[in-house]
Amino acid sequence: MKKNPNPIDTFVGSRVRMRRLMVGMSQEKLADGLGITFQQVQKYEKGTNRIGASRLQAIADILGVHPSFFFQQDENPQARETAADVSESHEISSFVASKEGIALNRAFLKIADPVLRKKIIALVAAMAHSGETEQAAVPSAARQAEPLHG
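Here the sequence shown is numbered in this note's numbering, starting from 14 and rising by one per residue.
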């Protein structure tokens, strides 16, 4: 029987992946800096293998962040999350850590005008809502969903 990764290990791994992609570093380069194989880095990023304290410190040093970066979740750490909140948080983390998520965030951060940023958010939200409405009208067997991130 296959054991599922601990959600904390998965979250920490997703943060390692996000930071690695943010600085434009390959799994191979991070692995070289740690003296391990890139497959081991893949397992860390997926949460399949736990990252020990000394290894996490080394990863933080290479990626230029404090080790606490890998545990940061949101502005309100006191709030208890429901299973749906945790699932949504994981989906968001996965997308933000993807190549598309990082590209989108980098482009968005280059928009200096806060009013334009709000308008873009409103536009995307309206498009997403419109897509949900259209999907609800189509029988599920007729839909072919493509993942937005990899």
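Glycine included, each C-beta is placed from N, C-alpha and C at the ideal position.
Just so it is clear, the structure is predicted and the values come from calculations on it, not from any experiment.
- The beta carbons of residue 40 and residue 24 sit no closer together than 8 Å.
- Annotated three-state conformation of residue 130 is helix, per DSSP.
- Straight across, the Cα-Cα distance linking residue 129 with residue 143 is about 21 Å.
- For secondary structure counted as the beta strand (DSSP E) over 3 or more consecutive residues, the segment 49-81 holds no complete run.
- Sorting 20, 16, 17, 34 by C-alpha distance to the C-alpha of residue 109 places 34 at the top.
- Contact between the segment 55-75 and the segment 15-32 is present, with at least three C-beta pairs closer than 8 Å.
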